[in-house]
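In this note's numbering, the protein residues as written are 3 to 372. Accompanying notes for the structure given below.
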Ligand SMILES: Cc1ncc(COP(=O)(O)O)c(C=O)c1O
């Protein structure tokens with residue numbers, strides 16, 4: 003048994019002590035660590051505004067609402083992604099339209115997007131799959147020309163850059179996930195970044211019931227108005243503290259992630275049965291994704307050997323029962339997504355993964371693909 007975990011959060015004893023202190027204080031939400039965490043996310047991503055939320059799904063939903071997506075509208079999403087990307091569109095009553103992806107990056111492309119644009123298209127949600135940025139220049143241009151709203155699902159891409167700029171800054175908003183397997187975690191949680199004050203104000207209000215002023219802004223106790231049918235999508239302060247501590251350490255974590263990717267590449271570059279994208283300093287390496295035949299056999303073997311890997315993702319969304327029943331997609335239109343879904347494996351990337359563990363994973367893979 004090798005016993006290598008797929009993911010392992012970068013949380014130390016002093017982070018736990020801080021969370022403990024907040025829990026003991028009794029001030030569990032609306033606290034100062036939410037502000038601290040939002041400030042550090044803004045600093046790290048170089049964005050003007052940030053709103054923490056209870057999950058990336060919540061942040062995507064709020065971004066769709068702030069874009070006024072509604073019944074009769076179509077919003078294009080990748081056919082390979084977490085179901086949250088498409089669900090966020092459907093929550094508003096708009097229709098999620100699925101575009102095919104590139105079979106090596108898993109990213110939506112301007113060519114696959116163009117095929118899906120109709121007179122009803124109102125926006126696009128892109129995903130920077132596994133930490134690789136989409137071709138943003140072309141996508142931003144397309145959105146400008148066709149007057150489409152662009153939302154970036156950055157669930158995999160804290161630390162990913164496109165031409166020196168952090169992803170999430172190219173559309174109306176960028177939404178991050180802090181689920182435990184992600185680059186940093188708050189247990190469950192997410193954050194929306196934006197450079198648009200109107201979008202920021204709307205998302206901030208909708209996150210807290212549609213109330214006009216949060217607790218710190220109220221002049222008189224209990225004096226507030228309800229402007230909208232909002233939600234409770236808040237993150238607790240002890241979660242924010244956990245996120246705050248990790249984002250402070252994230253530059254080092256990111257360096258380590260890139261070293262791990264380089265080591266995978268060094269080990270696997272001469273194995274022609276295994277494909278992967280070439281090294282990029284702009285990739286935040288949420289995972290190290292490889293592609294090979296006999297994928298399901300390899301997954302089973304790795305599991306039996308105690309090597310933790312994952313798959314992002316297997317079944318394209320239009321083939322999932324809910325969407326299949328609703329929209330009846332033809333598999334021909336998502337050919338690349340089907341191939342991508344049946345060949346990808348996500349190898350672990352986290353700071354405490356050792357060189358010996360990486361080498362052991364690669365050695366096993368090389369044997370299995372033959
Ligand atoms: C691409 C993508 N979008 C959205 C989500 C949803 O994130 P959360 O679990 O924080 O709601 C995930 C979750 O892993 C994801 O991978």
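Heads up, the beta-carbon is just placed ideally off N, CA and C, and yes, glycines get one too.
query                                                                                                                : result
Whole beta strand (DSSP E) elements within the region 262-332, 3-residue minimum                                     : 290-293
Any 3 or more C-beta pairs closer than 8 Å across the region 234-250 and the region 53-72                            : yes
Buried or exposed (CB count within 10 angstroms, at least 16 for buried), residue 291                                : buried
Cutoff 6 Å; reference residue 108; Cβ partners in own chain excluding five residues on either side                   : 82, 131, 342
Contact the region 270-285 vs the region 217-225: 3+ CB pairs below 8 Å                                              : no
Nearest-angstrom beta carbon gap, residue 43 and residue 239 [assumed within contact, 8 Å]                           : At roughly 15 Å, the Cβ-Cβ gap does not stay under 8 Å, so residue 239 and residue 43 are not in contact.
Exposed unless 16 or more other CB atoms sit within 10 angstroms - verdict on residue 382                            : No statement about residue 382 is possible, as the shown extent of the chain runs from 3 to 372 and does not include it.
Residue 62 CB to nearest heavy atom of ligand 1 below 8 Å                                                            : yes
Beta-carbon gap between residue 323 and residue 171 smaller than 9 Å                                                 : no
Touching by the beta-carbon criterion (3+ pairs, under 8 Å), the region 72-80 and the region 88-97                   : yes
Inside the region 158-204 only - beta strand (DSSP E) runs reaching at least 3 residues                              : 175-179, 192-196
Buried versus exposed call for residue 36 [16 or more other C-beta atoms within 10 Å across all chains shown]        : buried
Straight-line gap, residue 103 to residue 335 (C-alpha atoms, nearest Å)                                             : 10 Å
Beta-carbon gap between residue 175 and residue 205 smaller than 9 Å                                                 : yes
Between the CA atoms of residue 4 and residue 250 - distance to the nearest angstrom                                 : 32 Å
Sequence-distant residues of its chain with Cβ nearer than 7 Å to residue 112 (five each side left out)              : 137, 140, 141, 144
Unbroken alpha helix (DSSP H) run spanning residue 58, endpoints                                                     : 58-68
Own chain partners of residue 196 with C-beta closer than 6 Å, once the 5 adjacent residues on each side are dropped : 51, 175, 202
contact_flag[the region 341-360, the region 305-317] where n(CB pairs < 8 Å) is 3 or more                            : yes
The beta strand (DSSP E) enclosing residue 348, as first and last residue numbers                                    : 346-349
Alpha carbon of residue 283 to alpha carbon of residue 260, nearest angstrom                                         : 7 Å
Three-state secondary structure (DSSP) of residue 253                                                                : helix
Every unbroken beta strand (DSSP E) within the region 93-122, with a cutoff of 3 residues, ordered by chain          : 97-101
Residues near ligand 2, criterion Cβ-heavy atom distance below 6 Å                                                   : Absent from the structure shown: ligand 2. Ligands present: ligand 1.
Where residue 147 sits in the DSSP three-state scheme                                                                : helix
Beta-carbon proximity of residue 39 to residue 362, cut-off 9 Å                                                      : no
For residue 353, the nearest candidate out of 307, 287, 192 (CA to CA)                                               : 287
Backbone secondary structure at residue 37 - three-state DSSP                                                        : helix
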